[in-house]
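These notes concern the structure reproduced below.
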Amino acid sequence: MRARFFGLVLVLGAITGSGGCGSSFTDPPRDWLPPPPSAATDVYGGWISIVPLESRGRLVGELIAVDRDSVYVLNGWGLQAMARDGVRKARVKGFARDGGLSSWTALGTTSTLSHGFGLILSLPLWLIVGTSSSGAYERECSLDHPRKSWEDLAAFARFPLGPPAGMRDLDLGERKPVDWDKLASRHRLVNTPE
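Counting in our numbering, the sequence shown runs from 34 upward without gaps.
Shown next as structure tokens:
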């Protein structure tokens, strides 16, 4: 009987710690985004993952700017422009999500083994509160289009007020080096020629 409960706790803990699996968006490389305290003063844009209407791939990279017609993304192939009306959906992540809440949820869920019959109440409580807190924190880290407007997503752009004059002539430089070939081999990425 005790082994069944332990197995249940392990399965539920694994489910709790795997939030976001199966997403159609491509997450940024590890350590690419700034931590929450420094995100407000960071001069770079957030990570954007765009699912185009006409392609099965994704356009990913740093969100540079958004204007009336286009979204500008910097990646390993340079500055890319995609028409806003050619986007099925997009997600921008502005700062790094730490795994603290998921870890505490898994630890708290496991600790219910010591509660005896009380785990009938404490286990579901840990799972409900922990997973909802992790989900709420994840929503704070990112914005999704079309649920949010392009103007809302532009708040995480390097140039939140729109592209500056002569933007294509600027040496934008990447936030951190990314192995774009490795990223492209894992995910179906598209390169939108201008």
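We put the CB at the ideal spot given by N, CA and C, even for glycine.
Enumerated in chain order, which unbroken segments of the alpha helix (DSSP H) with a length of 4 residues or greater are wholly contained in the region 51 to 123?
-> Taken in chain order, the complete alpha helix (DSSP H) segments of 4 residues or longer contained in the region 51 to 123 are 69 to 72.
Report the rounded CA-to-CA distance for residue 218 versus residue 151, giving the unit in angstroms.
-> 48 Å
Proximity winner among 76, 80 and 68, relative to residue 59 (alpha-carbon distances) | 80
For the beta strand (DSSP E) containing residue 204, list its first residue and its last residue.
-> Segment: none, residue 204 is in no beta strand (DSSP E) and carries neither H nor E.
C-alpha distance - residue 123 paired with residue 216, whole-angstrom precision = Using only the alpha carbons, I get a separation of about 18 Å.
Taking 8 Å as the threshold, find out whether the region 144 to 159 comes into contact with the region 82 to 92 through three or more Cβ pairs.
-> no
For residue 190, which of 65, 95 and 71 has the nearest alpha-carbon?
-> 95
What whole-angstrom Cβ distance do residue 141 and residue 163 have, given they're in contact under 8 Å?
-> 6 Å
Between residue 120 and the rest of its own chain, which residues show a CB-CB distance below 8 Å, the 5 nearest in sequence each way excluded?
-> 83, 84, 85, 86, 104 and 178
Have a look at 149, 68 and 99 and flag the residue whose alpha-carbon is nearest the alpha-carbon of residue 118.
-> Residue 99 is the option with its Cα nearest to residue 118.
Could you check where the beta strand (DSSP E) with residue 186 kicks off and where it finishes?
-> Not the beta strand (DSSP E): residue 186 falls in the alpha helix (DSSP H), residues 183 to 187.
Provide the residue(s) that pair with residue 125 in DSSP beta bridges, ordered along the chain.
-> 81 and 176
Quick one: Cα of residue 200 to Cα of residue 176, how far?
-> 25 Å
Output the boundary residues of the alpha helix (DSSP H) element that contains residue 191.
-> Annotation: residue 191 is outside any alpha helix (DSSP H) and is labelled neither H nor E by DSSP.
Proximity winner among 102, 107 and 62, relative to residue 204 (alpha-carbon distances) = Answer by Cα proximity: 107.
Please state if the CB of residue 211 and the CB of residue 69 are separated by a distance shorter than 8 Å.
-> no
For residue 211, the three-state DSSP class (helix, strand or coil) = coil
Spatial distance of residue 114 from residue 214 (CA atoms) = 20 Å
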